[in-house]
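Going by full-length UniProt numbering, the first residue of the sequence shown is number 1, and it counts up by one from there.
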Amino acid sequence: MGLFSRLFGVKPKQETQTAEPVEYKGYLIYQEAIPEGGQYRIAGRITKEIKGEVKTHRFIRSDILPSAPDANDFMLKKAQMFIDQMGDDMF
Numbered sequence: 001m002g003l004f005s006r007l008f009g010v011k012p013k014q015e016t017q018t019a020e021p022v023e024y025k026g027y028l029i030y031q032e033a034i035p036e037g038g039q040y041r042i043a044g045r046i047t048k049e050i051k052g053e054v055k056t057h058r059f060i061r062s063d064i065l066p067s068a069p070d071a072n073d074f075m076l077k078k079a080q081m082f083i084d085q086m087g088d089d090m091f
């Protein structure tokens with residue numbers, strides 16, 4: 001079946017996971033590690049409502065770790081540091 005899928009462009013279904021946000025200093029951090037070559041790229045989103053509008057900053061790093069929980073934990077730490085340094089200027 002794999003050969004025919006590749007020949008006819010059928011892509012396997014990817015599991016969609018809804019990340020539960022972590023609140024930090026009024027921001028919501030969504031940890032969304034990206035699977036890549038059997039490992040996971042550190043990625044996620046930082047959101048905050050400002051003047052009635054939800055602002056989003058997409059966060060993708062070049063770092064790759066062996067497991068999704070490790071990548072998500074590292075993303076959380078990096079996002080918190082980014083929030084401390086940039087604040088609302090990130091938007």
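Note that beta-carbon positions come from the ideal geometry of N, C-alpha and C, so glycine has one too.
Q) Which residues in the same chain as Lys-13 place their Cβ atom closer than 6 angstroms to its Cβ, once the five residues preceding and following it in sequence are excluded? A) Any reading at Lys-13 must be qualified, since the residue scores a pLDDT of 47, below 50, and its modelled position is unreliable; the value itself is stated next. So no residue of the chain qualifies.
Q) Three-state secondary structure (DSSP) at Lys-51? A) If DSSP states are grouped into helix, strand and coil, Lys-51 belongs with coil.
**Q.** Sheet register partners of Ile-34 (DSSP bridge)
**A.** Ile-34 pairs with Arg-41.
Q: Can you have a look at Met-75 and say buried or exposed, based on whether 16 or more other CB atoms are within 10 angstroms of its CB?
A: Answer is buried; the Cβ neighbour count reaches 16.
Q. Taking DSSP as the reference, what is the three-state secondary structure of Phe-59?
A. DSSP places Phe-59 in the strand class (E or B) of the three-state scheme.
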